[in-house]
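Asker: Sharing a structure here in structure tokens format.
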Amino acid sequence: MRPLLKQLESAAFVHRLVSITLRAVAALVILFSLVGFFKVGKVIFELPPSGILGGIFFQVCFILAIYSVVHAIIIRARDIENLDKEVHSVFPVLTLLIKLTGEAVAFFVALVAIGGGVYVWFTGRSVATIMNPLPVFLPSFGDATFMGGIEFMVGGVLTAIASLIAMYALSETIGLLSRLEAS
Numbered sequence: 733m734r735p736l737l738k739q740l741e742s743a744a745f746v747h748r749l750v751s752i753t754l755r756a757v758a759a760l761v762i763l764f765s766l767v768g769f770f771k772v773g774k775v776i777f778e779l780p781p782s783g784i785l786g787g788i789f790f791q792v793c794f795i796l797a798i799y800s801v802v803h804a805i806i807i808r809a810r811d812i813e814n815l816d817k818e819v820h821s822v823f824p825v826l827t828l829l830i831k832l833t834g835e836a837v838a839f840f841v842a843l844v845a846i847g848g849g850v851y852v853w854f855t856g857r858s859v860a861t862i863m864n865p866l867p868v869f870l871p872s873f874g875d876a877t878f879m880g881g882i883e884f885m886v887g888g889v890l891t892a893i894a895s896l897i898a899m900y901a902l903s904e905t906i907g908l909l910s911r912l913e914a915s
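In this note's numbering, the protein residues as written are 733 to 915.
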């Protein structure tokens with residue numbers, strides 16, 4: 733047990749451990765999103781011909797959302813791995829993880845909201861018919877009308893921007909605490 737505790741005192745080991753964990757999370761995101769992808773595909777095949785294009789557009793946006801989230805996770809994993817190995821503080825890792833959370837939520841919500849709005853336009857159905865249940869962080873703006881599709885898109889993009897700003901502000905606050913701790 734003592735060698736493990738000694739390793740945990742090393743900043744390089746902690747950075748590498750968090751980096752590897754984030755890469756594993758990225759792989760799990762891809763794996764679990766396949767379930768959603770196939771559920772969406774099943775719904776698309778049940779749509780009338782006039783709604784299939786909306787379903788396909790939603791599926792493309794869903795794929796882009798997952799790609800964006802995974803890419804952000806991989807970039808932040810690399811950033812954490814490249815942190816200064818001499819400074820053993822959890823604050824730099826924490827600030828990057830908080831930024832990553834905001835980025836992942838913002839990318840996913842914005843792209844799914846755009847795809848969901850177009851889905852509503854083409855099908856006249858709620859987004860809940862294609863993503864059931866809706867993720868808790870996805871806004872439930874609008875109804876199954878054309879205007880509801882616009883509301884869903886605008887509400888989703890504004891929610892994405894708000895979450896990004898909130899997480900970056902929290903990250904900066906923790907960064908300030910880190911600098912206060914250092915001085």
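Each residue gets a CB set at the ideal place from its N, CA and C atoms; glycine is no exception.
All figures in this text were calculated on a predicted structure; none of them were measured in a lab.
Can you tell me where the alpha helix (DSSP H) holding E883 begins and where it ends?
Answerer: Taking the sequence shown and counting its residues from 1, the one referred to as residue 883 is at position 151. Element bounds for E883: F878 to A914.
Asker: Taking three-plus beta-carbon pairs below 8 Å as touching, is the region 882-894 in contact with the region 903-913?
Answerer: Judged by Cβ distances under 8 Å, the region 882-894 makes no contact with the region 903-913, as fewer than three pairs qualify.
Asker: Spatial neighbours of L896 within its chain, please: C-beta separation below 6 Å, excluding the five flanking residues on both sides.
Answerer: Along the sequence shown, read from residue 1 onward, the residue named residue 896 stands at position 164. Contacts found: G834 and A838.
Asker: Give the secondary structure of E764 by DSSP, where H, G and I count as helix, E and B as strand, and everything else as coil.
Answerer: Stepping through the sequence shown from its first residue, residue 764 is reached at position 32. The question names Glu, but residue 764 is Phe in the sequence shown. Here F764 sits in helix by DSSP.
Asker: Looking at C-alpha atoms only, which residue of V859, V767, S821 and A898 is the closest neighbour of I882?
Answerer: Stepping through the sequence shown from its first residue, residue 882 is reached at position 150. Nearest option by C-alpha distance: V859.
Asker: Go through its chain and collect everything with a Cβ distance to L909's Cβ below 8 Å, but skip five positions before and after it.
Answerer: Numbered from its first residue, the sequence shown carries residue 909 at position 177. These residues qualify, in order along the chain: F823.
Asker: Would F794 pass as a contact of A845 if the rule is Cβ separation under 8 Å?
Answerer: Position 62 of the sequence shown, counting from 1, holds the residue named residue 794. Position 113 of the sequence shown, counting from 1, holds the residue named residue 845. Result no, Cβ atoms of F794 and A845 do not sit closer than 8 Å.
Asker: Mapping DSSP to helix, strand and coil, what is E818?
Answerer: Position 86 of the sequence shown, counting from 1, holds the residue named residue 818. Three-state DSSP puts E818 in coil, outside helix and strand.
Asker: Considering only residues of the region 734-797, which uninterrupted alpha helix (DSSP H) runs meet the minimum length of 4 residues and lie entirely inside it, listed in chain order?
Answerer: For the region 734-797, whole alpha helix (DSSP H) runs of length 4 or above, ordered along the chain, are 734-740 and 743-777.
Asker: Under the criterion of a Cβ to heavy atom distance below 7 Å, does I776 qualify as lining the ligand ATP?
Answerer: For the ligand ATP, the structure offers nothing, since it holds no ligand at all.
Asker: How many angstroms separate the CA atom of R808 from the CA atom of A756?
Answerer: For this step, residue 808 is matched to residue 76 along the sequence shown. For this step, residue 756 is matched to residue 24 along the sequence shown. If I take the Cα positions, the gap works out to 13 Å.
Asker: Give the single residue among E913, R810 and I762 whose Cα lies nearest to the Cα of A744.
Answerer: Within the sequence shown, residue 744 is the residue found at index 12, counting from 1. Measuring from the Cα of A744, the nearest candidate turns out to be R810.
Asker: Please determine, among Y799, S751 and F854, the residue with the shortest C-alpha to C-alpha distance to G786.
Answerer: Within the sequence shown, the letter at position 54 stands for residue 786. Closest option to G786, Cα to Cα, is F854.
Asker: Alpha helix (DSSP H) containing P824: first to last residue?
Answerer: Mapped onto the sequence shown, residue 824 falls at position 92. Start and end: F823 to T855.
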